[in-house]
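*Asks:*
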Amino acid sequence: MLCSTAASTTNGGRGGLLKFGLRNPVMDLQQINEACQVKPQKPIQKLKELAINEPRKITCAKCVSGKFGTQILIELDDCVVFLPKRVAAALTNQVDALKGCRIVFRGMKKINNHYEQTDFEFLEPL
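Letter by letter, the sequence shown follows residues 3 to 128 of our numbering.
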(Lines of atoms letter the chains of each structure in order from A; the text may use other names.)
(Lines give C-alpha, C1' and ligand atoms only; values in the text may rest on other atoms or scores of the structure.)
Protein backbone atom coordinates (compact mmCIF):
# COMPACT_ATOMS: atom_id res chain seq x y z
CA MET A 3 0.00 0.00 0.00
CA LEU A 4 2.80 2.39 0.83
CA CYS A 5 4.54 1.91 -2.53
CA SER A 6 1.43 2.58 -4.58
CA THR A 7 0.68 5.71 -2.56
CA ALA A 8 4.23 6.97 -2.97
CA ALA A 9 4.19 6.22 -6.69
CA SER A 10 0.91 8.00 -7.28
CA THR A 11 1.98 11.11 -5.39
CA THR A 12 5.43 11.40 -6.96
CA ASN A 13 4.34 10.87 -10.54
CA GLY A 14 0.81 12.22 -10.61
CA GLY A 15 -0.67 8.74 -10.49
CA ARG A 16 0.69 7.85 -13.96
CA GLY A 17 3.57 5.44 -14.48
CA GLY A 18 4.43 5.21 -10.81
CA LEU A 19 5.72 1.67 -11.24
CA LEU A 20 8.30 2.82 -13.77
CA LYS A 21 9.81 5.20 -11.23
CA PHE A 22 10.63 2.27 -8.94
CA GLY A 23 12.16 0.21 -11.75
CA LEU A 24 9.20 -2.15 -12.08
CA ARG A 25 8.51 -2.22 -15.80
CA ASN A 26 6.16 -5.18 -15.57
CA PRO A 27 3.49 -4.88 -12.87
CA VAL A 28 3.33 -8.71 -12.66
CA MET A 29 5.40 -9.84 -9.68
CA ASP A 30 7.59 -12.92 -9.61
CA LEU A 31 6.23 -14.33 -6.36
CA GLN A 32 8.60 -17.28 -6.35
CA GLN A 33 11.63 -14.98 -6.39
CA ILE A 34 10.12 -12.71 -3.72
CA ASN A 35 9.23 -15.67 -1.48
CA GLU A 36 12.76 -17.09 -1.77
CA ALA A 37 14.13 -13.76 -0.55
CA CYS A 38 11.66 -13.73 2.36
CA GLN A 39 12.48 -17.21 3.64
CA VAL A 40 14.62 -17.56 6.73
CA LYS A 41 17.51 -19.83 5.89
CA PRO A 42 18.97 -22.11 8.57
CA GLN A 43 22.11 -20.72 10.15
CA LYS A 44 24.86 -22.38 12.10
CA PRO A 45 24.93 -21.52 15.80
CA ILE A 46 27.52 -19.07 17.12
CA GLN A 47 29.93 -20.72 19.51
CA LYS A 48 32.63 -19.16 21.65
CA LEU A 49 36.21 -20.14 20.93
CA LYS A 50 36.64 -21.35 24.50
CA GLU A 51 33.69 -23.74 24.04
CA LEU A 52 35.53 -25.76 21.38
CA ALA A 53 37.09 -29.08 22.39
CA ILE A 54 40.68 -28.70 23.59
CA ASN A 55 43.43 -29.91 21.21
CA GLU A 56 40.95 -31.02 18.55
CA PRO A 57 41.77 -29.63 15.08
CA ARG A 58 38.69 -28.23 13.34
CA LYS A 59 38.59 -27.44 9.61
CA ILE A 60 37.75 -23.86 8.63
CA THR A 61 35.25 -23.92 5.76
CA CYS A 62 34.93 -20.14 5.40
CA ALA A 63 36.42 -17.00 6.95
CA LYS A 64 35.50 -13.35 6.59
CA CYS A 65 35.89 -9.93 8.20
CA VAL A 66 32.72 -8.54 9.70
CA SER A 67 31.97 -5.16 11.21
CA GLY A 68 29.97 -5.47 14.36
CA LYS A 69 29.07 -3.83 17.58
CA PHE A 70 32.64 -4.12 18.87
CA GLY A 71 34.48 -3.17 15.66
CA THR A 72 36.00 -5.36 12.97
CA GLN A 73 36.26 -9.04 13.82
CA ILE A 74 37.16 -12.24 12.02
CA LEU A 75 34.34 -14.75 11.71
CA ILE A 76 35.30 -18.33 10.88
CA GLU A 77 32.84 -20.99 9.84
CA LEU A 78 33.45 -24.56 10.95
CA ASP A 79 31.48 -27.65 9.94
CA ASP A 80 28.82 -27.25 12.62
CA CYS A 81 29.15 -23.70 14.00
CA VAL A 82 30.61 -20.23 13.50
CA VAL A 83 33.20 -18.66 15.81
CA PHE A 84 34.31 -15.07 16.29
CA LEU A 85 38.06 -14.82 16.80
CA PRO A 86 39.42 -12.52 19.51
CA LYS A 87 39.98 -8.88 18.54
CA ARG A 88 43.72 -9.20 19.14
CA VAL A 89 44.10 -11.20 15.92
CA ALA A 90 41.78 -9.10 13.73
CA ALA A 91 44.46 -6.57 12.75
CA ALA A 92 46.94 -9.29 11.80
CA LEU A 93 44.46 -11.37 9.80
CA THR A 94 42.37 -8.71 8.05
CA ASN A 95 44.40 -8.85 4.83
CA GLN A 96 44.91 -12.62 4.98
CA VAL A 97 41.43 -13.78 5.89
CA ASP A 98 40.91 -15.61 2.58
CA ALA A 99 44.00 -17.74 3.26
CA LEU A 100 42.31 -19.25 6.34
CA LYS A 101 39.86 -21.26 4.23
CA GLY A 102 40.87 -24.90 4.39
CA CYS A 103 43.21 -24.40 7.34
CA ARG A 104 42.48 -25.91 10.72
CA ILE A 105 42.08 -24.19 14.07
CA VAL A 106 43.03 -25.79 17.38
CA PHE A 107 41.87 -24.45 20.74
CA ARG A 108 44.65 -25.10 23.28
CA GLY A 109 42.85 -23.90 26.39
CA MET A 110 42.67 -20.82 28.58
CA LYS A 111 45.86 -19.15 29.81
CA LYS A 112 46.12 -16.81 32.76
CA ILE A 113 47.65 -13.42 32.19
CA ASN A 114 48.57 -10.99 34.95
CA ASN A 115 47.32 -13.52 37.55
CA HIS A 116 43.76 -12.23 37.12
CA TYR A 117 42.57 -12.59 33.55
CA GLU A 118 42.38 -15.48 31.13
CA GLN A 119 42.84 -15.42 27.37
CA THR A 120 42.07 -18.05 24.78
CA ASP A 121 45.12 -19.87 23.48
CA PHE A 122 44.69 -21.22 19.96
CA GLU A 123 46.62 -21.74 16.74
CA PHE A 124 46.12 -22.37 13.07
CA LEU A 125 47.42 -25.48 11.31
CA GLU A 126 48.15 -26.02 7.64
CA PRO A 127 45.43 -27.71 5.56
CA LEU A 128 45.62 -31.49 5.21
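Every residue, glycine too, gets a C-beta built ideally from N, C-alpha and C.
Under three-state DSSP, which class holds Lys50?
*Replies:* helix
*Asks:* Helix, strand or coil for Glu77 per DSSP?
*Replies:* strand
*Asks:* Name, in chain order, the residues that DSSP records as bridge partners for Ala63.
*Replies:* Ile76
*Asks:* Using the C-alpha atoms, what's the distance from Gln39 back to Leu31?
*Replies:* A direct Cα-to-Cα measurement between Leu31 and Gln39 gives close to 12 Å.
*Asks:* Which first and last residues belong to the beta strand (DSSP E) in which Glu118 is found?
*Replies:* Tyr117 to Leu125
*Asks:* Identify every residue that forms a DSSP beta bridge with Gly68.
*Replies:* Gly71
*Asks:* Do you know whose CA, among Thr72, Val83, Val82 and Asn114, lies nearest Thr94's CA?
*Replies:* Thr72
*Asks:* Run through the DSSP bridge pairs and tell me what Arg58 is partnered with.
*Replies:* BP columns for Arg58 point to Ile105.
*Asks:* Tell me, please, which residues DSSP counts as bridged to Gly110.
*Replies:* The displayed chain sequence assigns Met, not Gly, to residue 110. Met110 pairs with Thr120.
*Asks:* Quick one: any contact between the region 42-58 and the region 95-109, if contact means 3 or more CB pairs under 8 Å?
*Replies:* A contact is defined here as three or more CB-CB pairs under 8 Å, and the region 42-58 meets this definition with respect to the region 95-109.
*Asks:* Just list the residues that DSSP pairs Val83 with in beta bridges.
*Replies:* Ile76
*Asks:* Assign Glu118 to one of two classes, buried (16 or more other C-beta atoms within 10 Å of its C-beta) or exposed (fewer than that).
*Replies:* exposed
*Asks:* Is the beta carbon of Lys59 less than 7 Å from the beta carbon of Thr120?
*Replies:* No, they are not a contact pair.
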